[in-house]
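Q: Note that the protein sequences, when read in sequence, are chains A and B. Note that numbering that gives the first Met the number 0 has the first sequence beginning at 0, numbered continuously upward. Note that numbering that gives the first Met the number 0 has the second sequence beginning at 0, numbered continuously upward.
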Amino acid sequence: MSAEYIISQLINGLRLGSVYAIVAVGYSIVYGILRLINFAHGDIMTIGVYIMLLFMTSTGMPLWSVIVVSVLVSVIVGVLIERFAYRPLRSAGEEATLISSLAVSTLLQNLLQMIFSPQKKAFYLPDFFTQQHQFGIVKLSTMNILTFAAVIIMVIALTLVVQKTKIGTAMRACSENLDASRLMGIKPNQVIVFAFAVGSGLAALAGLMLAGEYKTIDPLMGFVPGLKAFCAAVVGGIGSLYGAVAGGLVIGVAEMLFAGLMPTSVTAYRDAFVFVVLIVVLLFWPNGIFGRSEGRRS
Amino acid sequence: MMMLKVDNLVVRYGGITAVDGVSLELEEHETVALIGANGAGKTTTLHTISGLLKAAGGKIFFQDEEITKVPAENLVARGVVQVPEGRQVFAKLTVEENLRLGAYLQKNKQVIRANHEKVMTLFPILQERRRQAAGTLSGGEQQMLAIGRALMSNPKLLLLDEPSMGLSPLMTQQVFDVLLELKKQGMTILLVEQNAYEALTISDRAYIMETGNITLEGRSSELIHDPRVKDAYLGGDL
Numbered sequence: 000m001s002a003e004y005i006i007s008q009l010i011n012g013l014r015l016g017s018v019y020a021i022v023a024v025g026y027s028i029v030y031g032i033l034r035l036i037n038f039a040h041g042d043i044m045t046i047g048v049y050i051m052l053l054f055m056t057s058t059g060m061p062l063w064s065v066i067v068v069s070v071l072v073s074v075i076v077g078v079l080i081e082r083f084a085y086r087p088l089r090s091a092g093e094e095a096t097l098i099s100s101l102a103v104s105t106l107l108q109n110l111l112q113m114i115f116s117p118q119k120k121a122f123y124l125p126d127f128f129t130q131q132h133q134f135g136i137v138k139l140s141t142m143n144i145l146t147f148a149a150v151i152i153m154v155i156a157l158t159l160v161v162q163k164t165k166i167g168t169a170m171r172a173c174s175e176n177l178d179a180s181r182l183m184g185i186k187p188n189q190v191i192v193f194a195f196a197v198g199s200g201l202a203a204l205a206g207l208m209l210a211g212e213y214k215t216i217d218p219l220m221g222f223v224p225g226l227k228a229f230c231a232a233v234v235g236g237i238g239s240l241y242g243a244v245a246g247g248l249v250i251g252v253a254e255m256l257f258a259g260l261m262p263t264s265v266t267a268y269r270d271a272f273v274f275v276v277l278i279v280v281l282l283f284w285p286n287g288i289f290g291r292s293e294g295r296r297s
Numbered sequence: 000m001m002m003l004k005v006d007n008l009v010v011r012y013g014g015i016t017a018v019d020g021v022s023l024e025l026e027e028h029e030t031v032a033l034i035g036a037n038g039a040g041k042t043t044t045l046h047t048i049s050g051l052l053k054a055a056g057g058k059i060f061f062q063d064e065e066i067t068k069v070p071a072e073n074l075v076a077r078g079v080v081q082v083p084e085g086r087q088v089f090a091k092l093t094v095e096e097n098l099r100l101g102a103y104l105q106k107n108k109q110v111i112r113a114n115h116e117k118v119m120t121l122f123p124i125l126q127e128r129r130r131q132a133a134g135t136l137s138g139g140e141q142q143m144l145a146i147g148r149a150l151m152s153n154p155k156l157l158l159l160d161e162p163s164m165g166l167s168p169l170m171t172q173q174v175f176d177v178l179l180e181l182k183k184q185g186m187t188i189l190l191v192e193q194n195a196y197e198a199l200t201i202s203d204r205a206y207i208m209e210t211g212n213i214t215l216e217g218r219s220s221e222l223i224h225d226p227r228v229k230d231a232y233l234g235g236d237l
């Protein structure tokens, strides 16, 4: 096993981890405000990808505008899910919305299977994205570079929004104390819609990265990466932006090193391994690496 | 002008009736205390007025407009502002950010600046601490911040829930001095307190609450000498 091989697995891990990070941020900001684990979040990724495929194959629209449309549709779907599947249940407690999110996830998967068939479909991006670049001993595709750039831009942009804007301050206030926020005149629903919109848009982008890498898509493709991204959010400390990113990278690297370095007889268990990582991390850091220990009063 | 009128308010938690037919009134510029033991329903009454809780019966009017069903986030714009029990400042946000959130709905920058200045004059300590996370402040400073934050929204009616809770006697005195100053400036205040003596000292009128009902009401200067109040809330003969 050469050093080059290990490095390339590390890079692969960081790339996969970046995708998890982008999805995990969506879990984390919604959880931060609502204490809801939105299990349908991974399926938003799938929706984004199918919208892209639909527009790429049936229209001559340039790729960038297809991506914009896909992000917008995902944002709308995410916001509608919140409005009709979670908001009416909010007063019924966190368990009710959690179960509702599982139901929405199943519903979305089955809808996609009915509309687009359960078969895998080919998903090809223009050569520009798959082109390989050599950096010393490291080989990266344009897509890889864009993925890394996306995570960095996301972290900077979200930090600015959360720290400097009014809606960002309102988000931090709501995640700390919902009732006190209402007493300031903050409308929690506006903040919640904003959180779902940001998370869903990011999920669509993550879907593009995942599909571009695997070159095939299917209606269930978002669910397991979604669960792993959820693990990433928990590993990092759910509710924390930087935690979600760190957790995503940790999970991605751990998964790829496991898949690349273990004997082939056990690599089929890479999904299970991710959950083992989650359990081990929680044994030592019950609140995740960046997690806060105190609860919220509301 | 009648500022607040609560008419036969009933509030329930599940099957338990926490507030059972409470009526009270506040004139403009009046400071009124709502006094009672733990669990009497004072905070529940306050939360229902400020719109955090829903009434099961009865009506609430603010400046002659019914606000019974108006949720908290929409009442702030009208000028009904609550300083919640236990301060509830945003611990991870800075003092400055907490104050800015108090002015969340205020769009006029000049008004924000004027209110900011007013708050800083009232609480010079907040000026010193403005870049610190609110969670690092002492209990008394947090109470100052909670009141300052409420003043940033230009309240017409200030609802205060146990402002002296958990504070040292010295800090309690400081908080009540500030309330007295606000009262002098003409603020209308509804004050919920367990510290009956202090509350009766600074208020014009008071209501005594017991297990969900108002059992006694009157001028604070008279209630403070009332034997029933003395025995129950002022620790007998002082």
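C-beta: ideal position from N, C-alpha, C; glycine also. Model, not experiment: these values are computed from the prediction.
1. For the candidate residues Q108(A), E93(A), L124(A), whose alpha-carbon lies nearest to that of P117(A)?
2. Is T214(B) near I207(B), with beta carbons less than 8 Å apart?
3. State the beta-bridge partners of Q81(B) as determined by DSSP.
4. Would you mind listing the alpha helix (DSSP H) stretches within the region 62–104 of chain A that are 4+ residues and don't spill past its ends, in chain order?
5. Consider the Cβ of F89(B): report whether some Cβ of chain A lies at a distance smaller than 8 Å.
6. Report the partner residues of H132(A) according to the DSSP bridge assignment.
7. From L201(A), T168(A), S199(A), pick the residue whose C-alpha is nearest to that of P187(A); which is it?
8. Beta-carbon within less than 8 Å of L9(A)'s beta-carbon, same chain only, minus the 5 sequence neighbours each way: which residues are those?
9. For V31(B), which of helix, strand or coil comes out of DSSP?
10. Could you check what DSSP says for Y196(B) in three-state terms: helix, strand or coil?
11. Rounded to the nearest angstrom, how far is the Cβ of V10(B) from that of A54(B), given a contact under 8 Å?
12. When you compare each of R112(B), E192(B), N97(B), E64(B) to A179(A) by their alpha carbons, which one comes out closest?
13. Between L33(B) and chain A, is any beta-carbon pair separated by less than 8 Å?
14. Could you round the C-beta distance between P83(B) and D160(B) to whole angstroms and report it? I think they count as a contact, below 8 Å.
15. Answer with buried or exposed for S64(A), where buried requires no fewer than 16 other C-beta atoms within 10 angstroms of its C-beta.
16. Residues in its own chain within less than 8 Å of L92(B) by CB, not counting five upstream and five downstream?
17. Please state the DSSP three-state secondary structure of K120(A).
18. Taking only three categories from DSSP, how would you classify A172(A)?
19. Determine the contact status of G139(B) and V174(B), defining contact as a CB-CB distance below 8 Å.
20. Counting pairs of Cβ atoms below 8 Å between the region 209–223 of chain B and the region 62–78 of chain B, do you hit three or more?
21. Suppose the cutoff is 8 Å on Cβ atoms and the five residues either side in sequence are ignored; what does the same chain contact list for L35(A) look like?
22. According to DSSP, simplified to helix, strand and coil, what is L35(A)?
23. Take the Cβ of N7(B) as the centre, count every other Cβ of all protein chains shown within 10 Å, and call the residue buried at 16 or more, exposed below.
24. Nearest-angstrom Cα distance between K138(A) and F222(A)?
25. For K183(B), report the span of its alpha helix (DSSP H) as first-last.
26. May I ask which residues mark the beginning and end of the alpha helix (DSSP H) holding G20(B)?
27. Taking beta-carbon pairs under 7 Å, can you tell me which members of the region 102–129 of chain B lie near chain A?
28. Under 8 Å between C-beta atoms, does L15(A) make it to chain B?
29. Alpha carbon to alpha carbon, what distance is there between V74(A) and M55(A)?
30. Would you verify that the beta carbon of R11(B) is, or is not, closer than 8 Å to some beta carbon of chain A?
31. Below 7 Å on C-beta distance, what does R218(B) contact in chain A?
32. Quick one: grab the DSSP three-state call for F60(B).
33. Quick one: Cα of T146(B) to Cα of I48(B), how far?
34. Measuring alpha carbon to alpha carbon, tell me which of V118(B), S137(B), T210(B), E197(B) ends up nearest L181(B).
35. Ignore the nearest five residues each way along the sequence and tell me which others in F283(A)'s own chain have a CB closer than 7 Å to its CB.
36. Could you say which of A121(A), F122(A), N143(A), L207(A) lies nearest to Q131(A) if we only look at CA atoms?
A: This is what the structure holds:
1. In the first sequence, residue 117(A) corresponds to position 118, counting from 1. Of the candidates Q108(A), E93(A), L124(A), the one whose C-alpha sits nearest the C-alpha of P117(A) is Q108(A).
2. Numbered from its first residue, the second sequence carries residue 214(B) at position 215. Numbered from its first residue, the second sequence carries residue 207(B) at position 208. Contact flag set, yes.
3. Working through the second sequence from its first residue, we reach residue 81(B) at position 82. Paired residues: L158(B).
4. 62–80
5. Sequence index remark: in the second sequence, residue 89(B) carries index 90 (1-based). Yes, because at least one Cβ of chain A sits closer than 8 Å to the Cβ of F89(B).
6. Counting from 1 along the first sequence, the entry for residue 132(A) is found at position 133. Answer is L139(A).
7. By one-based count along the first sequence, residue 187(A) stands at place 188. The candidate whose alpha carbon is nearest that of P187(A) is T168(A).
8. If you number the first sequence from 1, residue 9(A) lands on position 10. V252, M255, L256, listed in sequence order.
9. Within the second sequence, residue 31(B) is the residue found at index 32, counting from 1. DSSP places V31(B) in strand when its eight states are reduced to three.
10. Position 197 of the second sequence, counted from the first residue, corresponds to residue 196(B). Three-state result, Y196(B): helix.
11. Counting from one through the second sequence, the residue named residue 10(B) turns up at place 11. Counting from one through the second sequence, the residue named residue 54(B) turns up at place 55. Indeed, because the Cβ distance is near 6 Å, the residues count as touching under 8 Å.
12. Here residue 179(A) refers to the residue found at position 180 of the first sequence. Checking every option, the nearest Cα to that of A179(A) belongs to N97(B).
13. As a position in the second sequence, residue 33(B) is number 34, starting the count at 1. It does not; no Cβ of chain A falls within 8 Å.
14. As a position in the second sequence, residue 83(B) is number 84, starting the count at 1. As a position in the second sequence, residue 160(B) is number 161, starting the count at 1. Indeed they touch by this definition, with Cβ atoms about 6 Å apart.
15. Along the first sequence, read from residue 1 onward, the residue named residue 64(A) stands at position 65. That one is exposed.
16. Working through the second sequence from its first residue, we reach residue 92(B) at position 93. Closer than 8 Å at Cβ, skipping near neighbours: L100, A132, A133.
17. In the first sequence, the residue the question calls residue 120(A) occupies position 121. It is a strand residue.
18. Counting from one through the first sequence, the residue named residue 172(A) turns up at place 173. DSSP places A172(A) in helix when its eight states are reduced to three.
19. By 1-based counting over the second sequence, the position of residue 139(B) is 140. By 1-based counting over the second sequence, the position of residue 174(B) is 175. Yes; because the gap between Cβ atoms is below 8 Å, this pair is in contact.
20. no
21. For this step, residue 35(A) is matched to residue 36 along the first sequence. Excluding residues within five positions, the ones whose Cβ falls inside 8 Å are V29, Y85, E93, T96, L97, S100.
22. Here residue 35(A) is taken as the residue at index 36 of the first sequence, counted from 1. If DSSP states are grouped into helix, strand and coil, L35(A) belongs with coil.
23. Residue numbering aside, residue 7(B) sits at position 8 when the second sequence is read from its first letter. With fewer than 16 other Cβ atoms within 10 Å, it is exposed.
24. Within the first sequence, the letter at position 139 stands for residue 138(A). Within the first sequence, the letter at position 223 stands for residue 222(A). Their Cα atoms are separated by approximately 29 Å.
25. Here residue 183(B) refers to the residue found at position 184 of the second sequence. 168–183 is the extent of the alpha helix (DSSP H) around K183(B).
26. In the second sequence, residue 20(B) corresponds to position 21, counting from 1. Counting along the chain, G20(B) falls outside any alpha helix (DSSP H), though it belongs to the beta strand (DSSP E) covering 15–26.
27. Y103, L104
28. Against the first sequence, residue 15(A) aligns to sequence position 16. No - not a single Cβ of chain B is within 8 Å of the one on L15(A).
29. For the purposes of this step, residue 55(A) is identified with residue 56 of the first sequence, where counting begins at 1. For the purposes of this step, residue 74(A) is identified with residue 75 of the first sequence, where counting begins at 1. Approximately 19 Å between the Cα atoms of the pair.
30. Here residue 11(B) refers to the residue found at position 12 of the second sequence. No, its Cβ sits nowhere closer than 8 Å to a Cβ of chain A.
31. Position 219 of the second sequence holds residue 218(B). Per Cβ cutoff of 7 Å: no residues; R218(B) is ~30 Å from chain A at best.
32. Counting from 1 along the second sequence, the entry for residue 60(B) is found at position 61. Looking at F60(B) - three-state DSSP - the assignment turns out to be strand.
33. Here residue 146(B) refers to the residue found at position 147 of the second sequence. Here residue 48(B) refers to the residue found at position 49 of the second sequence. At residue 146(B) the sequence reads Ile, which differs from the Thr that was named. So the two alpha carbons sit approximately 18 Å from each other.
34. Here the question's residue 181(B) lines up with position 182 in the second sequence. Of the candidates V118(B), S137(B), T210(B), E197(B), the one whose C-alpha sits nearest the C-alpha of L181(B) is V118(B).
35. On the first sequence, residue 283(A) is found 284 positions in, with the first residue counted as 1. Answer for F283(A): no residue qualifies.
36. Start at 1 with the first residue of the first sequence, and residue 131(A) comes out as number 132. Per the Cα distances, N143(A).
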